[in-house]
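Protein chains: 2
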Amino acid sequence: MSSLLEQLIEAFRVLPGVGQKTAQRMAYHVLERERDGGRRLASALSEAVERVGHCTRCRDFSETEVCATCASAARDAHQLCAVESPADRLAIEQATGYRGLYFVLQGRLSPLDGIGPREIGLDRLAERLQEGEVQELIIATNPTVEGEATAHYLAQLARQHGVKPSRLAHGVPLGGELEYVDRGTLSHAFGSRSEMA
Amino acid sequence: MSSLLEQLIEAFRVLPGVGQKTAQRMAYHVLERERDGGRRLASALSEAVERVGHCTRCRDFSETEVCATCASAARDAHQLCAVESPADRLAIEQATGYRGLYFVLQGRLSPLDGIGPREIGLDRLAERLQEGEVQELIIATNPTVEGEATAHYLAQLARQHGVKPSRLAHGVPLGGELEYVDRGTLSHAFGSRSEMA
Ligand SMILES: [Zn+2]
Ligand SMILES: [Zn+2]
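Rendered as C-alpha cells:
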C-alpha cells in the first residue's frame, strides 16, 4: 500500500468516532471518486484551523474579533445564555427560538484538573454582568456533576451582580450531553427553564 | 456562525456516511481540541489527492509507477486476483494469507453505463495473461448481477489464454459488497474458492 495512502488513513483517525476501518473507507472514497471534494476539504480545514479563533465577547468560534451573533443588533442583549461548548451553543441556536446572546465557557469547573473560574472565562463573564445590560443569565451547562457545580457557581455570580439566574427545565436526560439531545426535548427544556432559587 | 466554519462543515460532507450533524461534530471537534491533527489531515489529504495515482501493472492506488506489491519479489506471480476496487483488494489482503498478485478493475462491466472491457482495463489484463506467467486467475468480483457478468467475462478471457479461472467459494453473502464482509467469512470464502467450470 502507498505510504501517502497510509498517512491519509492515519490522519482521518483524528476525527471523532472514526476508527481504522472507517478511516480506510474515507481515504479510498476520496481517492476513488471525490478528489475535488478532497481538495476542498483540505483547504477548508487548513483555512479554518489557522483562521478561526474565538470571539472576544462570547468566546464562541469566530474568524473576526467579535462574532456575528454578538455584533447583531437583532439579538436581545438582556438575556445571556452560558453554555459549556460551541457545539452546545449551536444545539440551542438550532433547536430553540432563542434571540438573546451567548457566553461559551469552553469547559466547566473541574478543580481536580486545574480548571477554575479563570480557565472558563468567568472573570470576563463577571465584567459582562457588571456592564448592567444583562438581566437574565440562562445557565445551560450539562446535567453532569461538574456541569451542576458550574451552574451553582454561575448562579451565585449572577446574583452578586443583580442578574436573575435561570436553568433549563427538567427534560434534558440526567448524565446526558446537550449536544446529543433531540431538538424537541432541548427546545422544550429551554422554553420551560426556571429561575434558580 | 463563522463562514469558514460553515465551509468546513460543508466540506466534511464529502466523506462517506457523513451527514450535517456528523460534519458539525467533526468540525467542532477539530477546532476545539485537534488543530494539529486537523493540520496533518489537511496536508495528508492534499498530498494524497495530488500524488496518489495508479500502478501501471495492477491499477491499484500507488504513488509510484509500479506499486510495492507488484514490485515485490516475495509475491507469487503465478496467481492473479481480479477485484473491482482498491477497497476490495485491501479487504482480501487483510483478511486472507494470499501471497499472489492483484489486478484492480476499478469498476465492473456495465454496458448500459458505457462501461465495457476497455474501461475496466481488460486489454491490459489480456496482455498480462498473454505474458504466460499467470497460471490462475482468482476472480473476486462482487456477487451482484454486474459483478457476476464481469466474472463470466473474466473466466472466458482466462481460458482463452490457457489460464485457470477460479471464483471465491460461497460464503460471501449474495448481493453483498466484499468490502463490508467480516474477515472470517471472507478468509473462508477465499480459501475454498473453486475452479470455474
Ligand atoms: Zn460572540
Ligand atoms: Zn501494482
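Just so you know, the protein sequences line up as chains A and B, in that order. Counted from 1, the first sequence has number 132 at position 132 by UniProt numbering; the numbering is strictly sequential. Counted from 1, the second sequence has number 157 at position 157 by UniProt numbering; the numbering is strictly sequential. All residues carry an ideal CB built from backbone N, CA and C; glycine is no exception.
Query, Result
"Give a yes or no on whether 8 Å exceeds the smallest Cβ distance from A/F103 to chain B.", "no"
"Could you check where the alpha helix (DSSP H) with B/D36 kicks off and where it finishes?", "R35 to R51"
"Say the cut is 7 Å; is the CB of A/T69 nearer than that to a heavy atom of ligand 1?", "yes"
"Could you give the C-beta distance for A/A82 and A/A140, rounded to a whole number, given that I count them as a contact under 8 Å?", "6 Å"
"Using beta carbons (cut-off 8 Å, strictly below), is B/P117 in contact with chain A?", "no"
"For A/A82, which of helix, strand or coil comes out of DSSP?", "strand"
"Is the CB of B/V181 under 8 Å away from at least one CB in chain A?", "no"
"Could you tell me the alpha carbon to alpha carbon distance between A/L112 and A/M26, rounded to whole angstroms?", "38 Å"
"When Cβ atoms are compared, which residues of the stretch 62–74 of chain A fall closer than 9 Å to chain B?", "S62, E63, T64, C67, A68 and T69"
"What does DSSP give as the partner residue(s) for A/G100 in the beta ladder?", "A/D76"
"If the cut is a Cβ gap below 7 Å, which residues of chain B does A/L8 touch?", "A44, L45 and A48"
"In the DSSP assignment, the alpha helix (DSSP H) including B/E6 goes from what residue to what residue?", "S3 to F12"
"As a quick exercise: from A/N142, A/P117 and A/Q160, pick the residue whose alpha carbon is nearest that of A/Q135.", "A/Q160"
"Considering only their Cβ atoms, is the gap separating A/E47 from A/G147 smaller than 8 Å?", "no"
"In the DSSP output, what is B/A136 paired with across the bridge?", "The amino acid at residue 136 of chain B is misidentified as Ala; the sequence shows Glu. Beta-bridge pairing links B/E136 to B/Q79 and B/K164."
"Under 8 Å, Cβ to Cβ, is there at least one residue of chain B near residue 199 of chain A?", "Residue 199 of chain A lies beyond the residue range present for chain A, which begins at 1 and ends at 197; the question has no answer from this structure."
"Within 10 Å of its beta-carbon, does A/R183 have 16 or more other beta-carbons around it, so buried, or fewer, so exposed?", "exposed"
"Can you grab the Cα-Cα spacing for the pair A/E65 / B/A68, in whole Å?", "50 Å"
"Just checking B/D60 against ligand 2 - is the residue's beta carbon closer than 7 Å to any of the ligand's heavy atoms?", "yes"
"I'd like to know whether the C-beta atoms of B/L101 and B/R75 end up nearer to each other than 8 Å.", "yes"
"For a contact defined as C-beta to C-beta under 8 Å, what are the partners of A/V30 on chain B?", "V14, L15, L45, A48 and V49"
"Compare the Cα-Cα distances from A/S187 to each of A/L8, A/E127 and A/L90 and report the closest residue.", "A/L90"
"Looking at chain A, is there any beta carbon in it that lies within less than 8 Å of the beta carbon of B/P165?", "no"
"By Cβ distance, which residues of its chain are closer than 8 Å to A/L109, with the 5 residues on each side in sequence left out?", "I115, G116, P117, I120, E146, A149, T150 and Y153"
"Would you please state the rounded distance, in angstroms, between the beta carbons of B/G38 and A/V49? I believe it to be under 8 Å.", "4 Å"
"Is the Cβ-Cβ distance between A/A11 and B/A44 less than 8 Å?", "yes"
"Which residues share a DSSP beta bridge with B/I115?", "B/S110"
"Could you give the DSSP three-state label for B/E195: helix, strand or coil?", "strand"
"Under the assumption that B/R193 contacts B/I138 (Cβ atoms under 8 Å), give the Cβ distance between them as a whole number of angstroms.", "6 Å"
"Identify, in the order they occur along the chain, each residue of the same chain with its Cβ nearer than 6 Å to the Cβ of A/V18, setting aside the five sequence neighbours on each side.", "F12"
"Ordered along the chain, which non-local residues of its own chain (more than five positions away) have a Cβ less than 7 Å from that of A/D88?", "A140, L178 and E179"
"Quick one: is B/E34 near chain A, going by C-beta distance under 8 Å?", "yes"
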